[in-house]
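Working notes for the structure below.
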Amino acid sequence: MRLSIRASGTAERVAAPRGSSSPAWRRFRRHRPAVVGLLVLAALCLAALLAPVLTPYSPTRTDMASMLARPSPTHPMGTDELGRDLLTRVLYSGRISLGLGLLAMTIAVTVGTVIGALAGYSGGAIDNALMRLTDVLLAFPQLFLLILMTSLFGTGVVSIAVIVGGLRWMGVARLARAMFLSLREREFVEAARAGGATPFTVIWRHILPNAWSPIIVAATVGVAEAIVLESSLSFLGLGVQPPTATWGNMLRSAQDQIVQAPWTAFFPGLMIFVTVLSINHIGDAARDALDARQARR
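Note that the sequence shown covers residues 17 to 313 in my numbering.
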């Protein structure tokens, strides 16, 4: 009897992803803007990775003879105030901005999931303590905390990613807690407990795989938010510092030339806009595709 209970609990956990993966992808494909966004985002990531192949220039190479040159076949996006090729800098900046967003949300999802899982599964005093901590951090203005943290811990790429990720986990924690509260009393979880599974095993093997859907959606949208936050910090001069190029500090550098050479601000701003719009469409489609209510239709 003990073995059969454990088997049935495991079967429920394992069978769900197999049955829902293909329909979820079909539902995702019905969302045309999300499919376009996915292709655009993949193209941006690929272009950033292949930047040394796609452009013959260095992102830090200056050419005073080509200062503020208009877009042309030689410089498709023009040049900046130091004669640096903007296309090259946009591509290399994409590596930093996209990578920083992914790293920040990896940190946020990891911290938020751990805290939310502990709060939702444990309940009682642990739940109250962790959720009050979450509420306190949510009550502080995010930009103020970001400025304070960057002044204390520096403006390197990794530092900014850790700071942004460390201040974006609260929403993920609340989502994870809600999912754990709803799943911890389900039959397959009770069966796992009755079969002698440890709390860690119950959380890792039985509850967490069934709680991923809203966390994945939050992480997807959170990448866009992290990119915007980093760009805002860099625009204020508190983010990643030159000569390392990001889309945000490229916008900051373009402030003085925005009338004389509007392309110096247009193309970095366009990259932020297109990237964030694409990720938001992907997040909306992922939410609909992974929604259990949609799956039953």
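Idealized CB from N, CA, C, for every residue including glycine.
Residue i versus the options, residue with shortest Cα-Cα distance
i	options	result
Ser-82	Asp-101, Thr-71, Ser-74 and Pro-75	Asp-101
Leu-149	Leu-118, Val-173, Met-186 and Leu-267	Met-186
Trp-228	Val-51, Thr-291, Arg-48 and Val-130	Val-130
Phe-251	Val-237, Ala-270 and Gly-238	Ala-270
Val-244	Trp-279, Pro-230 and Phe-289	Phe-289
Pro-225	Pro-72, Ala-85, Phe-196 and Pro-92	Phe-196
Ile-231	Arg-111, Leu-164, His-91 and Val-125	Val-125
Thr-291	Val-56, Arg-45 and Arg-46	Val-56
Supposed close pair residue i, residue j - CB separation, criterion 8 Å
i	j	result
Arg-200	Ile-223	6 Å
Val-188	Ala-135	Not really, about 12 Å apart at Cβ, beyond 8 Å.
Ala-240	Ile-295	4 Å
Leu-293	Ala-281	Wrong, their Cβ atoms sit about 18 Å apart, outside the cutoff.
Pro-259	Thr-76	5 Å
Leu-70	Ala-63	6 Å
Ala-242	Ala-58	The pair is not a contact, with the Cβ atoms about 19 Å apart (cut-off 8 Å).
Gly-94	Asp-79	Not confirmed; about 12 Å, so no contact.
Asp-304	Arg-43	6 Å
Ser-113	Glu-246	6 Å
Ala-40	Leu-306	6 Å
Ile-123	Ala-177	7 Å
Leu-249	Leu-162	6 Å
Ala-277	Leu-84	4 Å
C-alpha gap between residue i and residue j, whole angstroms
i	j	result
Pro-33	Phe-216	In this prediction, Pro-33 scores a pLDDT of 43, lower than 50, which makes its location untrustworthy; the coordinate-derived value is nonetheless stated afterwards. When rounded, the distance between both Cα atoms is 21 Å.
Arg-309	Arg-184	For Arg-309, the predicted structure reports a pLDDT of 48, less than 50, and the residue's modelled location is therefore unreliable. A value from the coordinates is still provided. Distance between the alpha carbons of Arg-309 and Arg-184: 28 Å.
Ala-194	Gly-132	8 Å
Trp-263	Ala-207	51 Å
Asp-272	Gly-255	19 Å
Leu-159	His-297	25 Å
Val-127	Gly-182	8 Å
Val-51	Val-173	30 Å
Glu-97	Ile-219	55 Å
Gln-257	Ser-88	28 Å
Ala-302	Met-287	22 Å
Cys-61	Gly-212	46 Å
Gly-285	Pro-157	25 Å
Val-275	Leu-116	30 Å
Ser-74	Asp-143	52 Å
Val-205	Ser-198	11 Å
Ser-109	Arg-190	33 Å
Phe-283	Asn-265	13 Å
Arg-48	Gly-238	21 Å
Asp-151	Trp-279	42 Å
Residue-chain proximity (residue i, chain C), Cβ-Cβ < 9 Å
i	result
Gly-182	The chain inventory of the structure shown lacks chain C, comprising one protein chain alone.
Secondary structure of residue i, DSSP reduced to three states
i	result
Asp-101	strand
Thr-95	strand
Arg-86	coil
Gln-276	coil
Val-256	coil
Arg-46	coil
Thr-129	helix
For residue i, the first and last residue of its enclosing alpha helix (DSSP H)
i	result
Ile-298	279-306
Ala-194	185-199
Pro-401	Here the chain has residues from 17 to 313 only, and residue 401 is not among them.
Gln-158	158-169
Asp-79	Per DSSP, Asp-79 belongs to no alpha helix (DSSP H) and is neither H nor E.
Asn-144	140-155
Val-218	Premise fails: Val-218 is in no alpha helix (DSSP H) and is neither H nor E.
Ala-207	203-210
Asn-265	263-269
Gly-238	228-251
Ala-177	173-182
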